[in-house]
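A.B. asks: In this note's numbering, the protein residues as written are 1 to 196. We put the beta carbon where it would ideally sit given N, CA and C, even for glycine. Here you go, one structure.
Next comes the structure, spelled out in C-alpha cells:
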C-alpha cells in the first residue's frame with residue numbers, strides 16, 4: 001500500500017507550501033516586515049497556517065541576510081527557553097511560533113532583549129500581541145480542498161470533496177486537524193477491497 005499522503009511528514013509546517021492569495025507572496029510579507037524594522041506578528045486561529053507561513057518566510061528571511069533564531073513554544077509553555085544572547089545582533093531575526101504562550105513578563109523581556117541587541121522579532125499568535133501585523137491567516141474549506149488536492153497529486157482520488165467538507169466541519173474549521181482527520185479516512189478507504 002502506498003504511503004498515506006496525510007502522514008505527519010507530508011503535512012508538517014514547511015512540508016506543504018503556504019497558499020498565498022492573488023499577488024501576495026513570501027517576498028511581499030518580508031518587505032512589510034522590513035518596513036516595520038524587522039518586527040511583526042502573524043495572527044490566526046488554531047490550524048489556520050501560521051506555522052506553515054513562518055516556514056515559507058524562512059528562505060526569504062535568509063535571502064535578505066537575516067540570521068534566524070527559531071523557537072517553537074508548546075501548549076502551556078509560559079517562559080522562554082534559554083537564549084544565547086551573543087547570537088542576537090542587528091542581523092538576527094528571532095522567530096517565535098506560539099508567542100501567546102508566554103506570560104506578559106516573558107514577552108516584555110523578549111521585546112526588551114531584541115531592542116537592546118537590535119534584533120528583529122517575528123512571532124505567530126492567536127491574538128494581537130502589540131507588534132505590527134504582517135499577516136492574518138484565515139482558514140476555509142476551499143483552502144483545505146486545495147491542500148488536499150496538492151497532497152493527493154494526480155493519483156487516485158480516494159478522498160472526496162464531501163470527505164474534506166465533513167472533516168473540516170467536524171474540526172470546527174481547523175485545517176491542520178482536518179488533515180489529521182483525513183489520515184484516518186484515507187487509511188480506512190485504502191484498506192477496503194476494490195469494488196468488483
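Pick helix, strand or coil for residue 42, following the three-state DSSP scheme.
C.D. replies: It is a strand residue.
A.B. asks: CB-CB under 6 Å to residue 97, same chain, minus the five flanking residues each way: which ones, in chain order?
C.D. replies: So the qualifying residues of the chain are 51, 54, 72 and 124.
A.B. asks: Less than 7 Å separating the beta-carbons of residue 183 and residue 4?
C.D. replies: A contact, by the Cβ cut-off of 7 Å.
A.B. asks: Is residue 66 buried or exposed, if buried means 16 or more other CB atoms sit within 10 Å of its CB?
C.D. replies: Under this definition residue 66 is a buried residue.
A.B. asks: For residue 135, collect the residues of the same chain with a Cβ closer than 7 Å to its Cβ; drop the 5 residues on either side in sequence, then sort them by chain order.
C.D. replies: Taken in chain order, the residues that qualify are 29, 42 and 53.
A.B. asks: For the stretch 110-129 against the stretch 142-154, do three or more pairs of beta-carbon atoms, one drawn from each stretch, fall closer than 8 Å, so that the two count as touching?
C.D. replies: Contact fails: fewer than three Cβ-Cβ distances are below 8 Å.
A.B. asks: With H, G and I counted as helix, E and B as strand and the rest as coil, what does DSSP make of residue 192?
C.D. replies: Correct three-state label for residue 192: coil.
A.B. asks: Output needed for residue 128: all residues of its chain with C-beta closer than 8 Å, excluding positions within five of it in sequence on either side, in chain order.
C.D. replies: So the qualifying residues of the chain are 41 and 43.
A.B. asks: What first and last residue would you give for the alpha helix (DSSP H) that runs through residue 143?
C.D. replies: Here the alpha helix (DSSP H) through residue 143 covers 141-152.
A.B. asks: Is residue 76 buried or exposed, if buried means 16 or more other CB atoms sit within 10 Å of its CB?
C.D. replies: When all chains shown are included, residue 76 counts as exposed.
A.B. asks: Applying the criterion that 16 or more other CB atoms from any shown protein chain within 10 Å of the CB defines a buried residue, is residue 142 buried or exposed?
C.D. replies: The residue is exposed, with fewer than 16 neighbouring Cβ atoms inside 10 Å.
A.B. asks: List the DSSP bridge partners of residue 136.
C.D. replies: 43.
A.B. asks: Let me make sure I understand the geometry here. Which of 104, 12, 9 and 48 has the alpha-carbon closest to that of residue 20?
C.D. replies: Measuring from the Cα of residue 20, the nearest candidate turns out to be 48.
A.B. asks: Report the rounded CA-to-CA distance for residue 192 versus residue 158, giving the unit in angstroms.
C.D. replies: Approximately 11 Å, taken between the alpha carbons.
A.B. asks: May I have the straight-line CA-CA distance separating residue 95 from residue 22, to the nearest angstrom?
C.D. replies: Cα to Cα, residue 95 sits roughly 26 Å from residue 22.
A.B. asks: Is DSSP giving residue 95 helix, strand or coil here?
C.D. replies: Three-state DSSP puts residue 95 in a strand.
A.B. asks: Taking DSSP as the reference, what is the three-state secondary structure of residue 161?
C.D. replies: In the structure shown, residue 161 sits in a helix (DSSP, three-state: H, G or I).
A.B. asks: How should residue 89 be labelled, buried or exposed, when 16 other C-beta atoms within 10 angstroms of its C-beta is the threshold for buried?
C.D. replies: That one is exposed.
A.B. asks: Among 153, 171, 27 and 139, which one has its Cα closest to the Cα of residue 58?
C.D. replies: The option with the nearest alpha carbon to residue 58 is 27.
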